[in-house]
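Residue numbers (our numbering): 28 to 333.
Worksheet: one structure, shown below.
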Amino acid sequence: MSKPAPVAVLDFGTNTSRLLITDGKSLDVRTHRVTGLGRGLSASGRLSKEGIGRVLEAIEEFNLLIRQYEVTTIRAVTTSAARDAKNRDDFIDAVSKSLNHPLELLPGEEEARYGFLGATADLDRTDAPFLVVDIGGGSTEFSCGTEAAEMYRSVDMGSVRFFEKFLLNDPPKPEELSAAIQVARLHLDDIDRELPRLGKAKSLVGVAGTITTIAAVEIGLDPYDSEVIDGFRLTRQAAEDVFRTLATEPLSDRKHNPGLEPARADVIVAGCCILVAIMRHWELEECLVRERDLLDGLADEMLEHE
Numbered sequence: 028m029s030k031p032a033p034v035a036v037l038d039f040g041t042n043t044s045r046l047l048i049t050d051g052k053s054l055d056v057r058t059h060r061v062t063g064l065g066r067g068l069s070a071s072g073r074l075s076k077e078g079i080g081r082v083l084e085a086i087e088e089f090n091l092l093i094r095q096y097e098v099t100t101i102r103a104v105t106t107s108a109a110r111d112a113k114n115r116d117d118f119i120d121a122v123s124k125s126l127n128h129p130l131e132l133l134p135g136e137e138e139a140r141y142g143f144l145g146a147t148a149d150l151d152r153t154d155a156p157f158l159v160v161d162i163g164g165g166s167t168e169f170s171c172g173t174e175a176a177e178m179y180r181s182v183d184m185g186s187v188r189f190f191e192k193f194l195l196n197d198p199p200k201p202e203e204l205s206a207a208i209q210v211a212r213l214h215l216d217d218i219d220r221e222l223p224r225l226g227k228a229k230s231l232v233g234v235a236g237t238i239t240t241i242a243a244v245e246i247g248l249d250p251y252d253s254e255v256i257d258g259f260r261l262t263r264q265a266a267e268d269v270f271r272t273l274a275t276e277p278l279s280d281r282k283h284n285p286g287l288e289p290a291r292a293d294v295i296v297a298g299c300c301i302l303v304a305i306m307r308h309w310e311l312e313e314c315l316v317r318e319r320d321l322l323d324g325l326a327d328e329m330l331e332h333e
């Protein structure tokens, strides 16, 4: 029997560029680079030349892996930062040329839907309905359902966006942290009004870099090990403890926490504000942390059509 042909999925987010190569069976290659594409976007409304340059450098590495595994079926998407940027067309053109493949601008609702598919595909449905939360750099995606996402929202709150808007001191002042959490709670109030069932899910599932990093810091995981992270149950108390620890440290000390990539050390406190606000608001005592996310949802759909 011939081996299934692998597919490649790339996601160029506000803070991180990621690649997944998988055949849905034995092959599962994942890599990422913290490229900071959306740094400075809130102030300028534009993606910086430096941010775009870091993404193009990451693509050079990704292209090597795509060729190494002889992948011919590729899907590349970009999310919150590009959705917001005045010069998004220039970015999309540059990435498409570098990849030799078109880059799609993925709407927030589609980002949430695919994230749900990836995160929950192999979960026991007795724990449903699931609330899947993806705290990105520029936005946070919420999706809720049992077999598929029955409701979803993309909200303009993310670790980079909140860092640049609220956390102006090092370490952040208590009033800055309170302001970030309060604005997050206001966004959650809006979700309650629009989708009152979303906050009543049975299980919270957390995906992507902010939440996996908080889990890694709680464990003290160095080096990072995705097999340890996937399926880890992060309690609300543990999330609060990590938040308090990181928020009270200056950046120079924070960088040395086991489990925390130095490149994420400045924005991770803003990400903690968002996760803590979510768990407090809906009185969620535990978060199931997943490595499977948007990339897997996209890849699963591609493999179904192979």
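Think of the CB as a built atom: it goes at the ideal place given N, C-alpha and C, for glycine as much as any other residue.
Contact check, residue i vs residue j, beta carbons under 8 Å
i: valine 12; j: isoleucine 305; result: Any answer about residue 12 is impossible in this case: the structure gives the chain only from 28 up to 333.
i: valine 104; j: leucine 133; result: yes
i: alanine 326; j: leucine 150; result: no
i: lysine 297; j: phenylalanine 190; result: Going by the sequence as given, residue 297 is alanine instead of lysine. Yes; because the gap between Cβ atoms is below 8 Å, this pair is in contact.
i: alanine 290; j: leucine 261; result: no
i: alanine 176; j: phenylalanine 193; result: no
i: leucine 74; j: asparagine 42; result: no
i: aspartate 55; j: threonine 49; result: yes
i: glutamate 202; j: arginine 263; result: no
i: glycine 142; j: aspartate 293; result: no
i: valine 244; j: leucine 287; result: yes
i: serine 253; j: glutamate 318; result: yes
i: glycine 258; j: proline 285; result: no
i: tyrosine 179; j: alanine 211; result: no
Secondary structure of residue i, DSSP reduced to three states
i: glutamate 177; result: strand
i: serine 69; result: helix
i: phenylalanine 259; result: coil
i: glutamate 131; result: strand
i: arginine 317; result: strand
i: threonine 240; result: helix
i: valine 187; result: helix
i: serine 166; result: coil
i: valine 98; result: coil
i: glycine 286; result: coil
i: leucine 83; result: helix
i: glycine 247; result: coil
i: alanine 139; result: helix
i: alanine 211; result: helix
i: alanine 103; result: strand
Spatial distance of residue i from residue j (CA atoms)
i: glycine 164; j: serine 107; result: 8 Å
i: alanine 155; j: aspartate 120; result: 41 Å
i: arginine 45; j: glycine 65; result: 15 Å
i: proline 33; j: methionine 329; result: 10 Å
i: aspartate 117; j: proline 198; result: 36 Å
i: alanine 85; j: alanine 148; result: 29 Å
i: isoleucine 256; j: leucine 213; result: 30 Å
i: aspartate 280; j: aspartate 268; result: 16 Å
i: glycine 172; j: glycine 324; result: 15 Å
i: tyrosine 251; j: isoleucine 238; result: 13 Å
i: serine 123; j: leucine 130; result: 5 Å
i: glutamate 331; j: lysine 200; result: 49 Å
i: leucine 68; j: lysine 30; result: 44 Å
i: leucine 215; j: tyrosine 96; result: 42 Å
i: threonine 100; j: glycine 51; result: 13 Å
i: alanine 70; j: glycine 135; result: 21 Å
i: arginine 110; j: arginine 152; result: 33 Å
i: methionine 28; j: histidine 283; result: Residue placement at methionine 28 is poorly supported in this model, since its pLDDT is 49, which falls under 50; the coordinates still yield a value, given next. When rounded, the distance between both Cα atoms is 48 Å.
i: glutamate 276; j: arginine 188; result: 20 Å
Same chain, Cβ closer than 6 Å to residue i, five either side skipped, listed in chain order
i: glycine 233; result: Val160, Cys314 and Val316
i: isoleucine 208; result: Cys300 and Ala304
i: arginine 60; result: Ser44 and Ala85
i: tryptophan 309; result: Gly226
Other residues of its chain near residue i: CB distance less than 7 Å, five sequence neighbours each side excluded
i: leucine 204; result: Ala274 and Cys300
i: leucine 322; result: Val36, Asp38, Arg45, Leu47 and Gly145
i: threonine 167; result: Val160, Asp161, Val182, Met184, Gly185 and Ile301
i: histidine 128; result: Ile101 and Ala103
Residue interval of the alpha helix (DSSP H) (run including residue i)
i: threonine 272; result: 263 to 274
i: leucine 325; result: 321 to 331
i: glycine 40; result: Neither: glycine 40 is in no alpha helix (DSSP H) and is coded neither H nor E.
i: arginine 307; result: 295 to 308
i: aspartate 123; result: Going by the sequence as given, residue 123 is serine instead of aspartate. Serine 123 -> alpha helix (DSSP H) spans 115 to 126.
i: leucine 222; result: Premise fails: leucine 222 is in no alpha helix (DSSP H) and is neither H nor E.
i: aspartate 50; result: Neither: aspartate 50 is in no alpha helix (DSSP H) and is coded neither H nor E.
i: aspartate 111; result: 107 to 111
i: arginine 281; result: 278 to 281
Residue interval of the beta strand (DSSP E) (run including residue i)
i: histidine 59; result: 55 to 61
i: aspartate 154; result: Here aspartate 154 belongs to no beta strand (DSSP E), and DSSP marks it neither H nor E.
i: serine 75; result: First-last for serine 75: undefined, no H or E at that position.
i: leucine 231; result: 230 to 234
Beta-carbon proximity list for residue i, same chain, < 8 Å, skipping 5 on both sides
i: threonine 58; result: Arg45, Leu46, Glu88, Phe89 and Leu92
i: glutamate 221; result: Arg180
Below-8 Å beta-carbon distance, residue i vs any chain C residue
i: glutamate 313; result: Of the chains in the structure shown, none is chain C; there is only one protein chain.
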